Every structure is written in structure tokens, then in C-alpha cells.
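To start, the structure under review is shown below, and the notes come after it.
Residue numbers (UniProt numbering): 1 to 125.
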């Protein structure tokens, strides 16, 4: 969790559309137990989606470069970057920012990913 108690908030305070993008991002990050912000042409994004699917998890994927996300995708990506995400994918579990592929793989390797997924209701076993 970040500063003000929201699962993902940042100091990106440019214009009203940026505030709207931040609010939209916060709602979207809670839309499913696992949420991935992705680009359809990104190899690491594809790897993240495959990892979760191979574990029996059905993530909600937002492809920021495809319709209908394309119009809001650039604003959302700016908010993600301003909040500390360097590259896509950006993964939320249980409405909380996990991070990019590095953080997801670290959690997977050190054994903390499955408990996170269970706590969020994404896995039952």
C-alpha cells in the first residue's frame, strides 16, 4: 500500500484527466483478485499472463494499447510510471500493487506468490 491507504496511489497531479486516470486505475486494480496492466506486444507481459494462467489463476488483463483501453491507456500508463512502475506488466493482487515481472518472479521463486493468491481469493488449493 502506498501513502494514503489506497492500493495504488501516486504523486502524479498534472491535470484533471490525470486525477481521473488515477481514480480509474484504483478501481481497475480492484476489479479482480489478480489484475495485470499489459501491452499486447510486450513479451514480459505475455510471460506474466502465462505464469498466472499456468497456476490456474484467471487474471483480469487490461491491454493498454488495444481498444477500448487505447484512449485511456496512455494516461493510465503515465500514472503507473509516476507511481514507480518502470515498465509493464504491472500486477495487482487483491487490490495491492505487487509490481512488475521482477517482483512477480521473485515472489514466485521465494514461495510468497501462492499465499498472496490464496489470500486474494484467486486460488483455493
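Note that CB positions come from ideal geometry on N, CA and C, so glycine has one too. Nothing here was measured: the structure is a model prediction, and the numbers come from that model.
State the Cα-Cα distance for the pair residue 67 and residue 40, rounded to the nearest angstrom. Locating residue 67 in the chain shown gives position 67, counting from the first residue. Locating residue 40 in the chain shown gives position 40, counting from the first residue. Just so you know, the alpha carbons of residue 67 and residue 40 end up roughly 11 Å apart.
Answer yes or no: do residue 64 and residue 38 have a C-beta to C-beta separation smaller than 9 Å? As a first step, residue 64 must be located in the chain shown, where it is residue number 64. As a first step, residue 38 must be located in the chain shown, where it is residue number 38. Judged by beta-carbon spacing, residue 38 lies within the 9 Å limit of residue 64, meaning their Cβ atoms are closer than that value.
Counting only C-beta atoms, is residue 63 closer than 9 Å to chain C at any point? Absence of chain C from the displayed structure is noted, only one protein chain being present.
Measure the CB-CB distance between residue 60 and residue 35 and report whether it falls below 9 Å. Counting from one through the chain shown, the residue named residue 60 turns up at place 60. Counting from one through the chain shown, the residue named residue 35 turns up at place 35. Cβ atoms of residue 60 and residue 35: closer than 9 Å.
Which residues in the same chain as residue 43 place their Cβ atom closer than 7 Å to its Cβ, once the five residues preceding and following it in sequence are excluded? Your numbering for residue 43 matches position 43 in the chain shown. Cβ within range, chain order: n/a, list empty.
What does a CB cutoff of less than 7 Å around residue 52 pick up in its chain, not counting 5 residues either side in sequence? For the purposes of this step, residue 52 is taken as residue 52 along the chain shown, with counting starting at 1. The answer, listed in chain order, is 34 and 59.
In whole angstroms, what separates the C-alpha of residue 96 from that of residue 19? Position 96 of the chain shown, counted from the start, is the residue given in the question as residue 96. Position 19 of the chain shown, counted from the start, is the residue given in the question as residue 19. Here the alpha carbons of residue 19 and residue 96 stand approximately 19 Å from one another.
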